[in-house]
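All residue numbers for the sequence shown refer to the UniProt record's numbering, where the first residue is 1 and numbers rise by one. All residues carry an ideal CB built from backbone N, CA and C; glycine is no exception. Encoded as structure tokens, the structure appears first; notes follow it.
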Amino acid sequence: MMLSASSSSSISSEDRSGSSSDENSEILDDDGTAFVPYDEELEPVATEEEAAAYTLSVANEEEWELVLQRRFTGELEVGTWCTCSNCSVNIATKKEECICCKEIDRVGEVMENIERAGDCITLHPGFQDVCLNRWVLEVASLNLKTKAGKSYRAIFNQGRKTESEFLRSVSYRQFTRLLWEFTGSSKRHPLPCCAYKAIRTAFLSEDGQYHGFEDDES
């Protein structure tokens with residue numbers, strides 16, 4: 001039987017409508033919850049300004065990493081980047097430690113609050129007692145745990161750290177408290193080079209090997 005042009009057009013239109021409806025219809029999940037299938041055409045696209053800002057951010061980060069590496073290797077002498085006069089890379093363990101305290105905005109805020117603006121963070125009135133007093137560190141360790149949930153004190157008592165390693169690891173956390181007023185497992189702030197130097201000089205390694213804050217947190 002022949003179909004009229006109008007009938008054919010009507011059927012074609014219905015087919016297209018049905019197909020479109022099927023493509024955009026919701027799908028039921030296993031628990032009966034309806035959801036719309038992922039459509040890559042709906043993925044947000046960054047604007048030119050956003051793309052340019054991201055590219056610049058990546059470039060700046062790569063450049064900063066290169067600067068830190070040059071500091072760590074000694075290609076850039078300490079005197080060219082340390083302005084607190086207390087930094088030294090002699091016992092630095094990685095490039096991330098090669099930062100002067102005056103390059104950390106928070107240090108400036110803290111020292112200004114105690115009317116010691118411009119001074120090195122290791123000259124903070126509380127630094128000696130909070131970070132270098134072994135008895136204070138002993139007490140502070142009782143409430144400290146690593147990112148893995150291990151007790152600092154238990155690790156030391158089990159003989160898995162030497163006394164100097166134990167005191168340094170607690171001191172790193174104490175410094176973070178002194179500067180940032182809190183410690184937490186969600187975020188780790190870098191310690192400046194001068195702080196590492198003071199802490200490691202106070203609690204020397206028996207074998208000359210040192211670990212950074214992050215390394216001691218595993």
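- Runs of the beta strand (DSSP E) lying entirely within the segment 47 to 112, each at least 3 residues long, are absent.
- The beta carbons of D129 and V139 sit no closer together than 8 angstroms.
- For L132, same chain residues with a beta-carbon under 6 angstroms away, outside a window of 5 residues either side, are A202 in chain order.
- DSSP lists K145 as the bridge partner or partners of S151.
- Per the coordinates, the alpha-carbon of G126 lies some 20 angstroms from the alpha-carbon of F166.
- From the listed residues R153, S164, Y172 and N157, the smallest Cα separation to T122 is found for Y172.
- Put simply, the backbone Cα of F72 is about 7 angstroms away from that of K94.
- A Cβ-Cβ distance of about 10 angstroms is found for the pair A198 and C101, leaving them out of contact under the 8 angstroms criterion.
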